[in-house]
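Single-structure report; data block below.
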Amino acid sequence: MEGPTISPTAAVGFPQVRMRRLRAGEGIRRMVRETRLSPDRLVLPLFAIEGRDASVPIPSLPGHSRLSPDLAARAAARAHDAGVPAVLVFGVTDRKDGAASAAYEQDGPAQAAVAAIKDAVPEMVVVTDVCLCGYTDHGHCGVVVDGEVHNDLTLELLARTAVSHADAGADVVAPSDMMDGRVRAVRAALDAEGHEGTGILAYSAKYASAFYGPFREAAGSAPGFGDRRGYQMDPANGREAVRETLLDAAEGADMVMVKPAAAYLDVIAAVRAATDLPLAAYHVSGEYAMLKAAAERGWLDERRATLETLTGIARAGADLLITYAALDAARWLAEEAP
Ligand code: PBG
Numbered sequence: 120m121e122g123p124t125i126s127p128t129a130a131v132g133f134p135q136v137r138m139r140r141l142r143a144g145e146g147i148r149r150m151v152r153e154t155r156l157s158p159d160r161l162v163l164p165l166f167a168i169e170g171r172d173a174s175v176p177i178p179s180l181p182g183h184s185r186l187s188p189d190l191a192a193r194a195a196a197r198a199h200d201a202g203v204p205a206v207l208v209f210g211v212t213d214r215k216d217g218a219a220s221a222a223y224e225q226d227g228p229a230q231a232a233v234a235a236i237k238d239a240v241p242e243m244v245v246v247t248d249v250c251l252c253g254y255t256d257h258g259h260c261g262v263v264v265d266g267e268v269h270n271d272l273t274l275e276l277l278a279r280t281a282v283s284h285a286d287a288g289a290d291v292v293a294p295s296d297m298m299d300g301r302v303r304a305v306r307a308a309l310d311a312e313g314h315e316g317t318g319i320l321a322y323s324a325k326y327a328s329a330f331y332g333p334f335r336e337a338a339g340s341a342p343g344f345g346d347r348r349g350y351q352m353d354p355a356n357g358r359e360a361v362r363e364t365l366l367d368a369a370e371g372a373d374m375v376m377v378k379p380a381a382a383y384l385d386v387i388a389a390v391r392a393a394t395d396l397p398l399a400a401y402h403v404s405g406e407y408a409m410l411k412a413a414a415e416r417g418w419l420d421e422r423r424a425t426l427e428t429l430t431g432i433a434r435a436g437a438d439l440l441i442t443y444a445a446l447d448a449a450r451w452l453a454e455e456a457p
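Position one of the sequence shown corresponds to residue 120 (this note's numbering), numbered consecutively onward.
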């Protein structure tokens, strides 16, 4: 063919082109909508404590409480009824020591909650956070030797923690510690213990973020000295997130994650382009708290701002949205469904 190829839209502009035609009514807007939120994408975090009939509100996470296993099971059932397919369980305890012993007890807070949830709602996909920071007396995500978090000694305890979660019935374990080699270590330990069917959702690109504040209050997991910059990623780095993700994929991750989410949309898009694995994004505690606080003051419409934020995270390329707003979002989406 001779001559220049002319793109059908590039050759013309206004007044032939009118972008508003496709925005003229809800019917046409629905037809051309590129991103759709669905409860299927949502994962609800739950904080599990020991005891019975115990619910301790978390002031900086309005709407969320630390729950004993029986109440965690009830919360999971409510989420299931609203169409949310998965929960992410965090164990919370006062029993902390240098070896994070409560992290891998057979009947620790996370394990007990997992068992109760699977018993009450077997269809619920139960994901567990695998980390030591909620269980160490210094609040770091690993074993501390000479003032440093020791990578390879930590791997053993993470693997043991992951196996204990799988023993309790977890469908998927999610290592969030940012040690090197943890996905391989967790995969090997699961397989050795007959848990080859248990999945791994790797917190692959997890940043040293200021937005984890409310979570650390909830889990009592703020580091007692120093900070997490020696193992979590520098917020300034994007390319490094792709490297982290590809390494986790090579080590056997079934799904990968970017965290936080709303301040890291470019990272989500870059990771999306680099891997075909399902990609989760964690809209973290501080991101949720900001929306809640502004809504409480009447400065934002909570429902619209929340759904817009989640839509943006999905549009950037996330398949799964881990969010403290999962229950509300699922209900809002059900109301909106045509
Ligand atoms: C454990 C962990 C943290 C979060 C998830 N897993 C805290 C941290 O790294 O300090 C944060 C989640 C949130 O803020 O919602 N390492």
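All C-beta atoms in this analysis are idealised placements derived from N, C-alpha and C, irrespective of residue type, glycine included.
Nearest candidate by alpha-carbon position, reference residue i, set the options
| i | options | result |
| --- | --- | --- |
| T364 | L190, G170, K325 | K325 |
| E315 | N270, V305, S220, Y322 | V305 |
| R152 | A360, A198, G431, A444 | G431 |
| S408 | D395, I177, F166, E145 | Note that residue 408 is Ala in the sequence shown here, rather than Ser. Nearest of D395, I177, F166, E145 to A408, Cα basis: I177. |
| L251 | V175, L276, M150, P397 | L276 |
| D373 | Y322, A382, R148 | Y322 |
| L309 | L320, A285, G405, A329 | A285 |
| F166 | V291, A201, Q351, A195 | A195 |
| P379 | D346, G313, S328 | S328 |
| P241 | H199, D353, Y223 | H199 |
| Y383 | R347, M243, M352, L320 | M352 |
| D205 | V246, D395, Y223, R171 | A small fix is needed here, since residue 205 is Ala in this sequence, not Asp. Answer by Cα proximity: V246. |
Nonlocal neighbours in the same chain, by C-beta distance under 7 Å from residue i, ignoring five residues either side
| i | result |
| --- | --- |
| R358 | none |
| W451 | R422, L426 |
| G256 | The question names Gly, but residue 256 in the sequence shown is Asp. K215, D216, G217. |
| M385 | What sits at residue 385 in the sequence shown is Asp, not Met. Hits under 7 Å: G357. |
Whole-angstrom distance between residue j and residue i, CA atom to CA atom
| i | j | result |
| --- | --- | --- |
| L207 | A287 | 14 Å |
| G349 | E370 | 21 Å |
| A173 | N356 | 41 Å |
| L440 | R160 | 6 Å |
| H183 | V264 | 35 Å |
| Q230 | L186 | 13 Å |
| G253 | L156 | 32 Å |
| M297 | R362 | 13 Å |
| V203 | A399 | 15 Å |
| P294 | D447 | 26 Å |
| L406 | A338 | One detail in the question is off: residue 406 reads as Glu in this sequence, not Leu. Whole-angstrom Cα-Cα distance: 17 Å. |
| D410 | P181 | Here the sequence assigns Leu to residue 410, which means Asp is not the residue at that position. The straight-line gap from Cα to Cα measures roughly 11 Å. |
| T442 | R197 | 15 Å |
| G144 | V377 | 35 Å |
| V390 | A360 | 7 Å |
| Q225 | D367 | 27 Å |
| E169 | D271 | 30 Å |
| T317 | K237 | 14 Å |
| G313 | A307 | 10 Å |
The ligand HEM heavy atom lying under 8 Å from the CB of residue i
| i | result |
| --- | --- |
| K411 | Looking at this structure, you won't find the ligand HEM anywhere; what it does contain is the ligand PBG. |
Where residue i sits in the DSSP three-state scheme
| i | result |
| --- | --- |
| H402 | strand |
| P164 | strand |
| I387 | helix |
| K325 | strand |
| F458 | Shown here, the chain extends from 120 to 457; a query on residue 458 therefore has no answer. |
| M120 | Because M120 carries a pLDDT of 49, less than 50, the predicted location of this residue cannot be relied on, and the following value inherits that uncertainty. It is coil, neither helix nor strand. |
| P158 | helix |
| K215 | coil |
| T394 | coil |
| M243 | coil |
Own chain partners of residue i with C-beta closer than 6 Å, once the 5 adjacent residues on each side are dropped
| i | result |
| --- | --- |
| R434 | T154 |
| H269 | V262 |
| A221 | T212, R214, G227, Y254 |
| A445 | L161, L163, V203 |
| A437 | I387, L398, A400 |
| P188 | A231, A232, A235 |
| R149 | none |
Contacting residues, own chain, Cβ-Cβ under 8 Å from residue i (five flanking each side not counted)
| i | result |
| --- | --- |
| L274 | M298, G300, R301, A304 |
| A381 | H402, E406, T428, G431, I432 |
Open item on the list: Contact between the segment 331-339 and the segment 281-295 is defined here as three or more beta-carbon pairs at a separation below 8 Å; is this criterion met?
Closed with: No, the segment 331-339 does not touch the segment 281-295.
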